[in-house]
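Notes to accompany the following structure.
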């Protein structure tokens, strides 16, 4: 069953996230990134930050929390989802201790060759309600009755 | 200050290139760190049942690796002000100890008057682009040496 376009425009409750030192370290290790700005306060200060900062794509962790809400709301199992594109526009850095809220909005649904393409916009703001990052993503949702044929790109 | 650096950069300059390797272990580690436990990234049975050739890397892991090329070059991770990509082709990760090679190169597409530099990333596995429209906008630190 294709996703009903009437769900376009849905906005999900803001998801709170606090950036922790150990999560930055763990994420940087997972992408094999040895940049000292992720683990060494002095090195981060050398770049003008108060303390260690998160890698650019760390933002996905925060954005994903809203994706999870959206998929649960629309009854989409994770295994049917393929990330099609992702763009971040950063308004400021993400140092350890930053407390943010991510608000997710379903901006569009389009049926393409039996799949659904979801356009999702997430605004991440800090405690002062200042922009931290804008995330724009497209997810492809394969049909529920997929029988394992050829995957097309 | 910024002008001193950007004037040494020209459109078409390749500022960095590197080959990264992704193994199944990297996928598990990334799943844990990112919280993205989609089974298509670690379970061959599930991956093939939804029509994928095998277990594939998280698009965001590939984008994260390509982002390393930028932050290694820039030094300051926060100097990346825009970063995006399209996950055009799945990166299939074999069940061996070697993994799959992802080759990344970054080339200048625009040097702006405001000190920002636009870059296009070429991200390939076996000469096929796995990320397309992979673009970043970066603020160059004033004291960054230009590429030779």
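Chains as they are written, first to last, in full-length UniProt numbering: chain A, 1 to 153; chain B, 1 to 148. C-beta atoms are modelled at their ideal positions from N, C-alpha and C, and glycine is treated no differently.
I'd like to know whether the C-beta atoms of residue 106 of chain B and residue 116 of chain B end up nearer to each other than 9 Å. The answer is no: Cβ separation not under 9 Å.
For residue 98 of chain A, which of helix, strand or coil comes out of DSSP? Residue state, collapsed to three classes: coil.
Does the distance from the CB of residue 47 of chain A to the CB of residue 53 of chain A come in under 9 Å? Yes, the pair counts as a contact, with Cβ atoms nearer than the cut-off.
Partner residues on chain A for residue 40 of chain B, Cβ-Cβ distance less than 7 Å: Ordered by position in chain A, the residues that pass the 7 Å Cβ test against residue 40 of chain B are 79.
Against chain B, with Cβ distances strictly below 9 Å, would residue 94 of chain A count as a contact? Answer yes: the Cβ-Cβ gap between residue 94 of chain A and chain B drops below 9 Å somewhere.
From which residue to which residue does the beta strand (DSSP E) around residue 42 of chain B run? No beta strand (DSSP E) holds residue 42 of chain B; DSSP gives it neither H nor E.
Opening and closing residue of the alpha helix (DSSP H) in which residue 69 of chain A lies: Where residue 69 of chain A is concerned, the enclosing alpha helix (DSSP H) stretches over 59 to 74.
Contact between the stretch 129 to 137 of chain B and the stretch 73 to 89 of chain B (3+ Cβ pairs under 8 Å): With the cut-off at 8 Å, the stretch 129 to 137 of chain B and the stretch 73 to 89 of chain B touch.
Pull out every residue of the stretch 63 to 77 of chain B whose Cβ sits closer than 8 Å to any Cβ of chain D, in chain order. Given the protein chain composition of this structure (A and B), no chain D is represented.
Going by DSSP in three states, residue 139 of chain A sits in which element: helix, strand or coil? Residue state, collapsed to three classes: strand.
Tell me, please, which residues DSSP counts as bridged to residue 119 of chain A. According to the DSSP secondary-structure assignment, residue 119 of chain A is paired through a beta bridge with A/108, A/138.
Under 9 Å between the Cβ atoms of residue 100 of chain B and residue 94 of chain B? In contact: residue 100 of chain B and residue 94 of chain B (Cβ atoms closer than 9 Å).
Where DSSP assigns a beta bridge to residue 108 of chain B, which residues make up the other side? B/119.
With a Cβ-Cβ cutoff of 9 Å, do residue 84 of chain B and residue 8 of chain B count as a contact? Residue 84 of chain B places its beta carbon 9 Å or farther from that of residue 8 of chain B.
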